[in-house]
Amino acid sequence: GESELERSFRVARKTADGWEVVAEGPSGREPAQLLRGPDDRLYVLCWPEGAPRLWVSDAGGANFAPAAVPGNWDAPNHWPYFSTGMAPDGTLYLLRSGGGKPGYFKWASRDATTGLWGAVHRVDIDYRYAYTYLLPTAEHGGYLASLRDVIWADLGYSQPAGAFDYCFNAVKSWYSPDPAEQPFTETLVREELPTGQYARPNISLNYHGDAYVDNHGRSHILCPVQGGSTGGARRLIHYIYDGSDLIKLMTLPTSITNGRLIQNAAGKFFLLTFREATLYVYPAADANGLQLEAPVTLSLQGHAVRYSNLHLAAPRTGTPLADRVDVVYPAGESAEQWIYFQLQLPPEGPADTTLLPVPALKIFPNPVHDLLFLRGLGEDAGVVVFNLAGQVIWRRTGLYEEVQIDTSAWPAGIYLLWVDTTQGLVMRKLVRQ
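If you want it as structure tokens, here you go:
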């Protein structure tokens, strides 16, 4: 386009000898998003002239027709940080982020049968969270996984010399079994506090991580963390949630610092990761996607992945599980090249089909006035409470089953609770009133 706000999109279909453009139009500042419905129609959502717009194809993936998306989306707004998702029944979801301190989401859905949009819903949150993974489930539920995106001063931090104006150091997840009827439940996945030695923590969920809903309705978040807790190294951490309950977290080997998750038609997990111009495909032996086997190594023929992650066109966004995966990614010195390839996954299912159980950990009440209770810790657990300056104000190790913490002498405010359990490190934000 002629300017940052006048960019265009093109939809191209692969032919026997190249690519054929089947649709194009204005996209606005942010990239258009392409989804495929169960009826084989293609859906392009974009944000030209500060407002959302939808293009829908026929069942053959051609003859696109544009239409405005109704509702109050705070137009004109050229920075919506919008996300899309497709449920297995074809219900289309649209979400945008707004605010700063505080922040909010706005979302709406489009009925697959009537093509009509429902009301625009607003979700108020403490700060702006953006670059959101929007993950509808088969039972009309939905997960969100999103990265905090606010200026350092909004968090009470001093901006370090040379740091970007915005701090990206926290990820949250939201879940509702039916967002139109029940509010989202918010969960802190990870917050990396600045320290004297590591003053610029970073969680690059938006371009090195992933979020995925598996065939059992559980969400998986690959969270790339860098800061004091990792000794300054970037480590990729795999979180598994059942609704708002943390099932397990596991830090992946140091050689894996980015990744996307996928399953084949039989439900076997595969982790796709890259280093420069080499792709590594790790099969998982178990139904939870944690027991990684030796990788298959594939050359990307000199086309190194630049800035962004690998983009998995299918089977994601409502399309059924399959043994064929379509992948596209940007390459070249300034992402001027787009590379496409197709992976054929082996058809076998996981050798171990046992699902990890939902843990019994309970933390209540929150907000807290005096006594805070922790139950169901498991064996040899450890608990640490930090204030927002990163100072430890309460610590115990070797705990079992139930703990009581007297908070009556703590100043009112927000605290970060770390609970080291057999499932991994559970993090919760506490409010002392």
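Just so you know, we're using the numbering used here here: the sequence shown kicks off at 68 and counts up by one. Ideal Cβ positions, reconstructed from N, Cα and C, are used throughout, including at glycine.
Beta-carbon proximity check, residue i vs residue j, cutoff 8 Å
{"i": "Leu289", "j": "Gly334", "result": "no"}
{"i": "Val425", "j": "Leu444", "result": "no"}
{"i": "Arg177", "j": "Thr158", "result": "yes"}
{"i": "Val187", "j": "Trp140", "result": "yes"}
{"i": "Val217", "j": "Gly167", "result": "yes"}
{"i": "Ala351", "j": "Leu338", "result": "yes"}
{"i": "His370", "j": "Ala344", "result": "yes"}
{"i": "Tyr224", "j": "Pro261", "result": "yes"}
{"i": "Tyr407", "j": "Phe453", "result": "no"}
{"i": "Ile37", "j": "Phe231", "result": "Residue 37 lies beyond the residue range present for the chain, which begins at 68 and ends at 500; the question has no answer from this structure."}
{"i": "Gly128", "j": "Arg77", "result": "no"}
{"i": "His275", "j": "His287", "result": "no"}
{"i": "Trp86", "j": "Gly138", "result": "no"}
{"i": "Val280", "j": "Tyr233", "result": "no"}
Same chain, Cβ closer than 6 Å to residue i, five either side skipped, listed in chain order
{"i": "Tyr148", "result": "Ser164 and Ala197"}
{"i": "Pro155", "result": "Ala205 and Gly385"}
{"i": "Asp390", "result": "Asn331, Ala332, Leu412 and Pro414"}
{"i": "Tyr194", "result": "Lys168, Gly170, Arg215 and Val217"}
{"i": "Gln293", "result": "Asn269 and Arg301"}
Chain-order list of residues whose beta-carbon lies under 7 Å from that of residue i (same chain, five-residue window excluded)
{"i": "Thr489", "result": "Gly445 and Glu446"}
{"i": "Pro509", "result": "In the structure as shown, the chain starts at 68 and stops at 500, and residue 509 therefore has no counterpart that could be examined."}
Boundaries (first-last residue) of the alpha helix (DSSP H) holding residue i
{"i": "Asn273", "result": "Leu272 to His275"}
DSSP three-state assignment for residue i, whether helix, strand or coil
{"i": "Asp487", "result": "strand"}
{"i": "Leu377", "result": "coil"}
{"i": "Ser225", "result": "coil"}
{"i": "Ala220", "result": "helix"}
{"i": "Thr297", "result": "helix"}
{"i": "Glu93", "result": "Checking the sequence, you will find Pro at residue 93 rather than Glu. Looking at Pro93 - three-state DSSP - the assignment turns out to be strand."}
{"i": "Gly166", "result": "strand"}
{"i": "Ala117", "result": "Residue identity differs from the one stated: residue 117 is Gly in this sequence, not Ala. Three-state result, Gly117: helix."}
{"i": "Asp419", "result": "strand"}
{"i": "His188", "result": "strand"}
{"i": "Gln330", "result": "strand"}
{"i": "Lys335", "result": "coil"}
Euclidean distance between Cα positions of residue i and residue j
{"i": "Thr474", "j": "Val493", "result": "19 Å"}
{"i": "Gly182", "j": "Ala90", "result": "20 Å"}
{"i": "Leu121", "j": "Ser213", "result": "23 Å"}
{"i": "Trp485", "j": "Val451", "result": "5 Å"}
{"i": "Ala142", "j": "Ser375", "result": "28 Å"}
{"i": "Val123", "j": "Leu441", "result": "50 Å"}
{"i": "Ser322", "j": "Glu400", "result": "24 Å"}
{"i": "Val435", "j": "Gln500", "result": "6 Å"}
{"i": "Gly104", "j": "Ser150", "result": "16 Å"}
{"i": "Lys496", "j": "Ser366", "result": "43 Å"}
{"i": "Tyr200", "j": "Leu161", "result": "11 Å"}
{"i": "Trp241", "j": "Leu255", "result": "9 Å"}
{"i": "Gln226", "j": "Leu109", "result": "43 Å"}
{"i": "Leu112", "j": "Pro119", "result": "7 Å"}
{"i": "Ala476", "j": "Leu439", "result": "13 Å"}
{"i": "Pro505", "j": "Asn130", "result": "With the chain covering 68 to 500 only, the question about residue 505 has no answer from this structure."}
{"i": "Pro387", "j": "His145", "result": "33 Å"}
N- and C-terminal bounds of the beta strand (DSSP E) containing residue i
{"i": "Pro291", "result": "Ser286 to Gln293"}
{"i": "Gln100", "result": "Gln100 to Arg103"}
{"i": "Ile323", "result": "Taken as a continuous stretch (DSSP letters only), Ile323 belongs to no beta strand (DSSP E), as it is neither H nor E."}
{"i": "Ser150", "result": "Ser150 to Met153"}
{"i": "Asn454", "result": "Ala448 to Asn454"}
{"i": "Leu215", "result": "The displayed chain sequence assigns Arg, not Leu, to residue 215. Per DSSP, Arg215 belongs to the beta strand (DSSP E) from Gly209 to Arg215."}
{"i": "Ala398", "result": "Arg391 to Ala398"}
{"i": "Ala135", "result": "Ala132 to Ala135"}
{"i": "Gly157", "result": "Counting along the chain, Gly157 falls outside any beta strand (DSSP E), and DSSP gives it neither H nor E."}
Residue i at chain D interface by Cβ criterion, 8 Å
{"i": "Pro93", "result": "Within the model displayed, chain D is absent; a lone protein chain is all it includes."}
Beta-carbon contacts of residue i that lie in its chain and below 8 Å, excluding the five residues immediately before and after
{"i": "Thr252", "result": "Trp241, Tyr242, Ser243, Gly310 and Ser311"}
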